[in-house]
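A.B. asks: This structure is in structure tokens; I'll ask about it shortly.
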Amino acid sequence: PSNGKIIDGKIIATALKARVAAEVARLKAEHGLTPGLAVVLVGNDPASEVYVRNKGIATVEAGMNSFEYRLPGTASQDEVLAKVRELNADPAVHGFLVQFPVPDQISQQAVIDAIDPNKDADGLHPLNAGRLASGLPAMVPATPEGCVIMAKLAGGDLSGKHAVVIGRSNLVGKPVAQLLLKENCTVTIAHSRSHDLPGLARQADILVAAVGRPNMVRGDWVKPGAIVIDVGINRVPAPEKGEGKTRLVGDVAFDEAVKVAGAITPVPGGVGLMTVACLMRNTVIAACRQNGIALPK
Ligand code: NDP
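Under full-length UniProt numbering, think of the first position of the sequence shown as 5, with each following residue one higher.
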């Protein structure tokens, strides 16, 4: 039955969040340390508002301090960088992120470059990307971490398996590929210039789709028994729900792929839920490192 194949983000993320909350309780009791996560929101993009709210709720639920800073959509780059420097210097903040996208007048890269790499909750600073690629301890982007946790739960030891990652962004594709390499996978990274994407995908024991194109990966792109991790979050019209209504779909045509895959993450209810849980874990890791405390397992 296809139900047994579905990798349930809710169950996995709930368990991970519970472990993080237990670790936070231990840090408080044994070290008098309460980890803190700050989120900066520039402007009021509706999707970003939802993400920021969910992050704040999860932070509080984990027993950590949550800080939220809002700047108007008209804020200058200097104003955003000043906020970044303030958070770099704030001892109560162990990790923080600026919610992307930021308005056009602000350079995303300038913001990333200004973040103290030790507090870089999203793991986007070039120093962290380089440390990850070098096999050194790093702050790792949360979504890719969530992908690999799910793949390991579904597939056990991933060593020697062929992983095909579609997408090469700094936020998802590249770090997923690095993490899978660390798990001893043979990794192929595909992107918009790759030839014969379906043929590449069909070679995958582990197929990660991080593209941003609704239902692009079809059932016949999937090798029978493969683990499929769908990172895409795409809003599409859903006239069946009523006029003007929308729904979320992934980059994988789920109804087709679920018949072929050995295991698959749904959208919604898959990778997206892991992202917040991994962000919570990143904050705890940052707080431990900054205070010379051994990392949780
Ligand atoms: P980007 O737009 O930054 O990157 C998309 C990647 O897909 C690029 O590398 C691009 O290739 C590649 N691509 C685009 N079109 C094609 C195509 N037709 N064939 C092959 N490759 C293609 O997106 P992100 O990496 O930031 O995000 C990817 C998806 O994941 C989005 O749907 C996003 O919403 C979702 N997401 C979900 C998260 C979660 O919490 N679950 C978190 C972050 C993102 P090229 O480099 O050649 O242009």
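Note that beta-carbon positions come from the ideal geometry of N, C-alpha and C, so glycine has one too.
#1: Buried or exposed: which applies to Gln182, given that a residue is buried once 16 or more other Cβ atoms fall within 10 Å of its Cβ?
#2: Counting by C-beta, which residues lie closer than 5 Å to a heavy atom of ligand 1, in chain order?
#3: Check whether the region 159-172 touches the region 190-207, counting contact only when three or more Cβ pairs, one atom from each stretch, lie closer than 8 Å.
#4: So Ala125 packs on Met154, CB below 8 Å; how close in whole Å?
#5: Let me know the secondary structure DSSP gives Arg23 once reduced to three states.
#6: Can you give the beta carbon distance from Val66 to Arg89, rounded, assuming they're within the 8 Å contact cut?
#7: Measuring only the C-alpha atoms, how far is Ala267 from Gln109?
#8: In the structure shown, what three-state DSSP assignment does Asn132 receive?
#9: Between Ser6 and the rest of its own chain, which residues show a CB-CB distance below 6 Å, the 5 nearest in sequence each way excluded?
#10: In three-state DSSP terms, what is Phe258?
#11: Reducing DSSP to helix, strand and coil, say where Pro241 ends up.
#12: I'd like to know whether the C-beta of Ala137 is nearer than 7 Å to at least one C-beta of chain B.
#13: Return the residue from the list Lys14, Asp234, Ala33 that minimises the CA-CA distance to Ala213.
#14: For Gly127, I'd like the list of residues in its chain whose CB is within less than 6 Å of its CB, leaving aside the five on either flank, ordered along the chain.
#15: Roughly how far, in whole angstroms, is the beta-carbon of Lys227 from the beta-carbon of Asp209, given that I think they are within contact range, below 8 Å?
#16: Below 8 Å on the Cβ atoms is my contact criterion, and I expect Val288 with Val28 to pass it. Report the Cβ-Cβ distance as a whole number of Å.
#17: Which partner residues of Tyr73 appear in the DSSP bridge assignment?
#18: Just to confirm my understanding: we take Ala114, look at its own chain, exclude 5 residues before and 5 after, and list those with CB closer than 8 Å. What are they?
#19: Helix or strand or just coil, what does DSSP make of Leu271?
#20: Are Leu299 and Ala17 touching if we call contact CB-CB under 7 Å?
#21: Roughly how far, in whole angstroms, is the beta-carbon of Tyr73 from the beta-carbon of Lys87, given that I think they are within contact range, below 8 Å?
#22: Using 8 Å for Cβ pairs, my map puts Ser70 next to Thr63. What's the rounded Cβ distance?
#23: Looking at Val215: is its Cβ nearer than 7 Å to the Cβ of Asp255?
#24: What are the boundary residues of the alpha helix (DSSP H) that includes Ile119?
#25: Are the CB atoms of Pro218 and Val240 nearer to each other than 7 Å?
#26: Could you give the C-beta distance for Lys9 and Ala265, rounded to a whole number, given that I count them as a contact under 8 Å?
#27: At what residues does the alpha helix (DSSP H) containing Leu183 begin and finish?
#28: Work out the CA separation of Glu53 and Thr250 for me, nearest whole Å.
#29: Are Gly273 and Lys14 close, meaning C-beta to C-beta below 7 Å?
#30: Give me the residue from Lys123, Pro76, Gln112 with the minimum Cα distance to Asp94.
#31: Going by DSSP in three states, Leu157 sits in which element: helix, strand or coil?
C.D. replies: Taking the geometry as given:
#1: Counted from its first residue, the sequence shown places residue 182 at position 178. Gln182 should be labelled buried.
#2: Thr147, Gly171, Arg172, Ser173, Leu175, Val176, His195, Ser196, Ala214, Val215, Gly216, Val235, Gly236, Ile237, Val275, Gly276, Thr279
#3: yes
#4: For this step, residue 125 is matched to residue 121 along the sequence shown. For this step, residue 154 is matched to residue 150 along the sequence shown. Rounded, the Cβ-Cβ distance is 20 Å, inconsistent with contact.
#5: Here residue 23 refers to the residue found at position 19 of the sequence shown. Helix at Arg23.
#6: Your numbering for residue 66 matches position 62 in the sequence shown. Your numbering for residue 89 matches position 85 in the sequence shown. For clarity, residue 66 is Ala in the given sequence; the question names Val instead. Contact flag wrong, Cβ pair sits at about 26 Å.
#7: Taking the first residue of the sequence shown as 1, we reach residue 267 at position 263. Taking the first residue of the sequence shown as 1, we reach residue 109 at position 105. Each residue's alpha carbon lies about 43 Å from the other.
#8: By 1-based counting over the sequence shown, the position of residue 132 is 128. Helix, per DSSP.
#9: Position 2 of the sequence shown holds residue 6. Because Ser6 carries a pLDDT of 41, less than 50, the predicted location of this residue cannot be relied on, and no value is offered for it.
#10: On the sequence shown, position 254 is the one that residue 258 refers to. Residue state, collapsed to three classes: helix.
#11: Within the sequence shown, the letter at position 237 stands for residue 241. Residue state, collapsed to three classes: strand.
#12: The question asks about chain B, but that chain is absent: this structure has only one protein chain.
#13: Taking the sequence shown and counting its residues from 1, the one referred to as residue 213 is at position 209. It is Asp234.
#14: In the sequence shown, the residue the question calls residue 127 occupies position 123. The answer, listed in chain order, is Met143, Val144, Pro145.
#15: Counting from 1 along the sequence shown, the entry for residue 227 is found at position 223. Counting from 1 along the sequence shown, the entry for residue 209 is found at position 205. Correct: roughly 7 Å between the Cβ atoms.
#16: Here the question's residue 288 lines up with position 284 in the sequence shown. Here the question's residue 28 lines up with position 24 in the sequence shown. Yes, they are in contact, since the Cβ atoms of Val288 and Val28 sit about 6 Å apart, within 8 Å.
#17: On the sequence shown, residue 73 is found 69 positions in, with the first residue counted as 1. DSSP lists Val44 as partners of Tyr73.
#18: Indexing the sequence shown from 1 puts residue 114 at position 110. Counting only Cβ-Cβ distances below 8 Å, and skipping sequence neighbours, we find Gln81, Leu85.
#19: Your numbering for residue 271 matches position 267 in the sequence shown. A small fix is needed here, since residue 271 is Val in this sequence, not Leu. Of the three classes helix, strand and coil, the one that applies to Val271 here is coil, per DSSP.
#20: As a working note, residue 299 is residue 295 in the sequence shown. As a working note, residue 17 is residue 13 in the sequence shown. In this structure, Ala17 does not lie closer than 7 Å to Leu299 by Cβ.
#21: Numbered from 1 along the sequence shown, position 69 holds the residue referred to as residue 73. Numbered from 1 along the sequence shown, position 83 holds the residue referred to as residue 87. Indeed, because the Cβ distance is near 6 Å, the residues count as touching under 8 Å.
#22: What you label residue 70 is simply residue 66 of the sequence shown in a count that begins at 1. What you label residue 63 is simply residue 59 of the sequence shown in a count that begins at 1. Right, their Cβ atoms sit about 4 Å apart.
#23: Within the sequence shown, numbered from 1, the residue matching residue 215 stands at position 211. Within the sequence shown, numbered from 1, the residue matching residue 255 stands at position 251. It is a contact, given that the beta carbons lie within the stated cut-off.
#24: Start at 1 with the first residue of the sequence shown, and residue 119 comes out as number 115. Looking at the DSSP string, Ile119 is not in any alpha helix (DSSP H), and its letter there is neither H nor E.
#25: In the sequence shown, residue 218 corresponds to position 214, counting from 1. In the sequence shown, residue 240 corresponds to position 236, counting from 1. Yes, they are a contact pair.
#26: Within the sequence shown, the letter at position 5 stands for residue 9. Within the sequence shown, the letter at position 261 stands for residue 265. Rounded, the Cβ-Cβ distance is 6 Å, consistent with contact.
#27: Within the sequence shown, residue 183 is the residue found at index 179, counting from 1. Counting along the chain, the alpha helix (DSSP H) containing Leu183 begins and ends at 177-186.
#28: Your numbering for residue 250 matches position 246 in the sequence shown. Your numbering for residue 53 matches position 49 in the sequence shown. Rounded to whole angstroms, Thr250 to Glu53 spans 18 Å at the Cα level.
#29: Here the question's residue 273 lines up with position 269 in the sequence shown. Here the question's residue 14 lines up with position 10 in the sequence shown. Result yes, Cβ atoms of Gly273 and Lys14 sit closer than 7 Å.
#30: The residue given as residue 94 occupies position 90 in the sequence shown. Asp94 has its Cα closest to that of Lys123, out of Lys123, Pro76, Gln112.
#31: On the sequence shown, position 153 is the one that residue 157 refers to. Helix.
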